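Data block below; observations after.
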Amino acid sequence: MAEVGFPGQHTTTTTVTSSTTVQTNIRFDPLYLKTIPGILKIAQVACSLLGFICIQFSSFNNMGKGTYFSWISMIAFWFTGILLGLYLFHMVEKFYKIPWLKIEFVFCALWTLLYVLAASLAITVRDKPHSAAAFFGFVATAAYAMDAFVKWRAVRAGGLAQGSRVVSKQTTSTVHTPPPREGY
Numbered sequence: 810m811a812e813v814g815f816p817g818q819h820t821t822t823t824t825v826t827s828s829t830t831v832q833t834n835i836r837f838d839p840l841y842l843k844t845i846p847g848i849l850k851i852a853q854v855a856c857s858l859l860g861f862i863c864i865q866f867s868s869f870n871n872m873g874k875g876t877y878f879s880w881i882s883m884i885a886f887w888f889t890g891i892l893l894g895l896y897l898f899h900m901v902e903k904f905y906k907i908p909w910l911k912i913e914f915v916f917c918a919l920w921t922l923l924y925v926l927a928a929s930l931a932i933t934v935r936d937k938p939h940s941a942a943a944f945f946g947f948v949a950t951a952a953y954a955m956d957a958f959v960k961w962r963a964v965r966a967g968g969l970a971q972g973s974r975v976v977s978k979q980t981t982s983t984v985h986t987p988p989p990r991e992g993y
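Under the numbering used here, the letters of the sequence shown match residues 810 to 993, in that order.
In structure tokens form, the structure reads like this:
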């Protein structure tokens, strides 16, 4: 028996629409440098370059630990530097169909692990340039970890690397009340 006041039938229709808005023209946008991803990329590029320079000034730079740190820091420097340039000139927005956020997430997560290893190895060498490089390596690790987290959240939310996506949700509810029963 149905309760009094409780509808016998309830229909809900939800419509979700989304539209992606991007500008495909190439333009310089210095405001990107003031965003969190922009600041993180600047820190990553700077720490990678400074760590590389420190290793090169060491008398033990040709040891395996120094070579590994140099390799990691230079790949990070070039990859992140190129990405920074692509974002500054809105090239990422021009090619919005490429999954930039996923690519960056994988790179940042991987380089977080590789930088932890490189900085940990560099700190074991007993000279000041390696110690300084290890410091920059650990700072770069933190920057890449934070960037990986930001990218992970953006991927989960369905965000775009650049541009905007407008999602609108419209819900329509219909309630049908059955006629009262006779005899009660």
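Note that beta-carbon positions come from the ideal geometry of N, C-alpha and C, so glycine has one too. Predicted, not measured: the structure shown is a model, and the values here were computed from it.
Return the CA-CA distance between residue i and residue j, expressed in angstroms with no decimal places.
i    : j    : result
G967 : A918 : 19 Å
R935 : T830 : 54 Å
I862 : K903 : 34 Å
P938 : G946 : 12 Å
W844 : Y905 : Correcting the residue type first, residue 844 is Thr in the shown sequence and not Trp. When rounded, the distance between both Cα atoms is 19 Å.
F944 : T821 : 57 Å
F866 : Q832 : 45 Å
I881 : S868 : 19 Å
N870 : A931 : 10 Å
E991 : L969 : 59 Å
F888 : N834 : 23 Å
T826 : I912 : 26 Å
Which residue wins for smallest C-alpha separation from residue i, given the options the options?
i    : options                : result
S929 : D838, F837, G875, A855 : G875
M955 : L842, P846, T833, Q832 : P846
I864 : M883, L923, Y905, T830 : M883
F837 : G946, F944, V901, L926 : V901
P908 : A852, V934, R965, P839 : R965
P839 : S868, Y896, T822       : Y896
A949 : F878, I912, L969       : F878
F914 : F869, F958, E991, T823 : F958
Less than 8 Å separating the beta-carbons of residue i and residue j?
i    : j    : result
K850 : L893 : yes
A952 : L910 : no
A942 : G860 : yes
L842 : F886 : no
H899 : Q971 : yes
Could you tell me which residues DSSP puts in a beta bridge with residue i?
i    : result
K876 : Per the sequence shown, residue 876 should be read as Thr rather than Lys. T876 pairs with nothing; no bridge assigned.
- Message: Quick check on the DSSP output: what are the complete alpha helix (DSSP H) runs of length 4 or more inside the segment 907-937, in order along the chain?
- Response: The segment 907-937 contains, as complete alpha helix (DSSP H) runs of 4+ residues, the segments 909-932 (chain order).
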